[in-house]
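Enquirer: This is the structure I have questions about; it appears just below.
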Amino acid sequence: MKRLAKWRLFSLFTLMALFLSGCGKPYLSTLRPAGEVAKRQYDLMILSTVIMVIVIAVVTIIFIIVLFRFRRKDDKIPKQVEGNHKLEIIWTVIPIILLLILAVPTVLETFRLADVSAMDKKDEDGNPNALVINVRANLYWWEFEYPNEKIVTSQELVVPTDQKVYFNLKASDVKHSFWVPAAGGKMDTNTDNINKFWLVFDSEAAEDTNGVFYGKCAELCGPSHALMDFKVKALPKAEFDAWVAAMQGVKEPAVPETALAQEGQEIFTKSCIGCHAVTPSNETPEAARRAPNLADFGDREYVAGILKNNEENIKKWLNDPETVKPANKMTGTYGKLTPDQIDALTAYLMGLKVEK
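Here full-length UniProt numbering is used: position 239 in the sequence shown is 239, and no number is missing along the way.
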């Protein structure tokens with residue numbers, strides 16, 4: 001009875017796992033490809049799954065036939081014969097054919113997806129043809145630099161739809177992994193070398209998700225690994241160009257509109273500016289970018305990448321970052337803020353906007 005109870009429990013958990021594996025959202029699912037790379041990888045997954053299912057089905061059918069047709073009926077020992085050479089050839093050749101069917105497109109796609117030669121191409125005027133983004137992974141946040149556009153932002157990656165976007169990936173501390181599930185497979189970010197790849201964000205898929213996808217760190221990197229998320233905003237080309245122009249137009253920090261926000265700016269200048277930039281220019285040396293760029297903080301939808309951007313959550317983060325993201329670099333780097341100081345800083349941060 002105990003064994004039966006265990007099997008029932010095991011069966012229940014198995015069914016729950018199968019059921020939950022089918023749950024998901026279009027902006028987080030690898031089974032709902034949202035671009036060229038994701039579609040190619042999805043097709044390879046389907047091809048390999050079909051081959052495996054066919055093999056399992058054939059083996060199962062043969063097993064059942066043999067089990068019933070050749071089951072032992074008496075105590076006589078059947079005639080012993082050597083192996084059938086035709087059958088041996090067949091079950092040797094068939095796996096080779098199946099492996100080739102799977103291997104050839106896999107190798108071809110591997111080389112196609114690894115081709116980043118367009119990153120270095122330029123037009124007649126010497127301007128780069130491709131959109132290149134330098135991704136820098138940190139504990140536990142993301143920085144996105146657009147070197148040709150000379151802007152930098154954090155936590156929210158903005159990309160145009162229906163266009164190849166090339167990425168240079170690296171890490172500033174430990175190994176991380178850049179992954180946008182709906183757009184393509186993950187790629188490691190290392191401290192000692194730069195990995196390169198490209199993605200395409202499909203406009204039709206973006207419409208289904210209101211232009212929003214989500215990315216994650218896919219490499220265990222510390223206590224807050226599971227909280228190292230980022231948002232991807234996929235915009236039509238015209239809107240993306242407008243966003244770039246708006247970011248390039250910001251030369252000075254946003255001017256506080258209220259007395260409380262002005263007080264917050266003074267506190268920020270004394271205690272936060274050493275790590276956080278409030279202009280989107282990439283002129284600041286990479287080594288000095290010790291914390292997320294906050295130039296468009298008021299436009300972002302999330303605080304610390306995981307909390308909805310509102311007054312309550314900003315205050316929660318400023319009051320005790322450790323409760324939000326354990327072991328983050330901001331924890332313990334400054335003295336305790338008073339409630340009045342937190343109110344002032346919150347008012348200032350909410351006013352840091354680029355999009356009008």
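For glycine and all other residues, C-beta sits at the position ideal for the given N, C-alpha and C.
(1) Nearest to Val232 by alpha carbon, out of Ile56, Ser154, Leu108, Ala295?
(2) If I follow the unbroken beta strand (DSSP E) through Gly215, where does it start and stop?
(3) Going by CA-CA distance only, name the one from Glu263, Lys150, Ala261 that's closest to Glu283.
(4) Between the region 29-38 and the region 201-219, do at least 3 Cβ pairs fall closer than 8 Å?
(5) To the nearest angstrom, how far is it from the Cα of Pro95 to the Cα of Ala38?
(6) For Asn190, which of helix, strand or coil comes out of DSSP?
(7) Rounded to a whole number of angstroms, what is the C-alpha to C-alpha distance between Phe19 and Phe10?
(8) Which residues share a DSSP beta bridge with His85?
(9) According to DSSP, simplified to helix, strand and coil, what is Phe297?
(10) For Ser48, report the span of its alpha helix (DSSP H) as first-last.
(11) Starting from Ala171, follow its DSSP beta bridges and name the residues at the other end.
(12) On the DSSP bridge assignment, give the partners of Phe144 in chain order.
(13) How would you label Val93, buried or exposed, when you count the other beta carbons within 10 angstroms and need 16 or more for buried?
(14) Let me know if Thr346 comes out buried or exposed under the rule of 16 or more other beta-carbons within 10 Å of its beta-carbon.
(15) Using only CA atoms, which one of His276, Ala277, Met228 lies nearest to Tyr302?
(16) Which two residues bound the contiguous beta strand (DSSP E) that contains Phe178?
(17) Which runs of the alpha helix (DSSP H) fall wholly inside the UniProt domain "Cytochrome c" (259-353) and span at least 4 residues, in chain order?
(18) Could you tell me if Arg289 is buried or exposed, where buried requires 16 or more neighbouring beta carbons within 10 angstroms of its beta carbon?
(19) If you run the structure through DSSP and keep just helix, strand and coil, what is Leu199?
(20) Over what stretch of residues does the beta strand (DSSP E) that includes Asp229 continue unbroken?
(21) Distance, Cα to Cα, Trp243 vs Ser177?
(22) Taking the DSSP output, what are the residues bridged to Lys164?
(23) Can you tell me whether His276 is buried or exposed? The criterion is at least 16 other CB atoms within 10 Å of its CB, across all chains shown.
(24) Tell me whether the beta-carbon of Leu157 lies closer than 7 Å to the beta-carbon of Asn195.
(25) Write down the C-beta distance between Gln44 and Pro128 rounded to the nearest angstrom, noting that I regard them as a contact closer than 8 Å.
(26) Please report the Cβ distance between Asp173 and Thr191, rounded to the nearest whole angstrom; I am assuming they are in contact, meaning their Cβ atoms lie under 8 Å.
(27) Can you look up Val158 in the DSSP assignment and give me helix, strand or coil?
(28) Should Val250 and Asp299 be called a contact, given that it needs their Cβ atoms to be closer than 7 Å?
Expert: To lay it out plainly:
(1) Ser154
(2) 212-217
(3) Lys150
(4) yes
(5) Going by the C-alpha atoms only, they are around 27 Å apart.
(6) In the three-state DSSP reduction, Asn190 falls in the coil class, being neither helix nor strand.
(7) 14 Å
(8) DSSP lists no partner for His85.
(9) helix
(10) 36-69
(11) Ala137
(12) Val135, Thr153
(13) exposed
(14) Buried, by the Cβ-count rule.
(15) Check the Cα spacing between Tyr302 and each of His276, Ala277, Met228: the tightest is with Met228.
(16) 176-179
(17) 259-271, 311-319, 321-324, 339-350
(18) buried
(19) Of the three classes helix, strand and coil, the one that applies to Leu199 here is strand, per DSSP.
(20) 229-235
(21) Spanning the alpha carbons of Trp243 and Ser177 requires a straight line of approximately 27 Å.
(22) Val200
(23) buried
(24) no
(25) For clarity, residue 44 is Leu in the given sequence; the question names Gln instead. Rounded, the Cβ-Cβ distance is 31 Å, inconsistent with contact.
(26) 7 Å
(27) strand
(28) no
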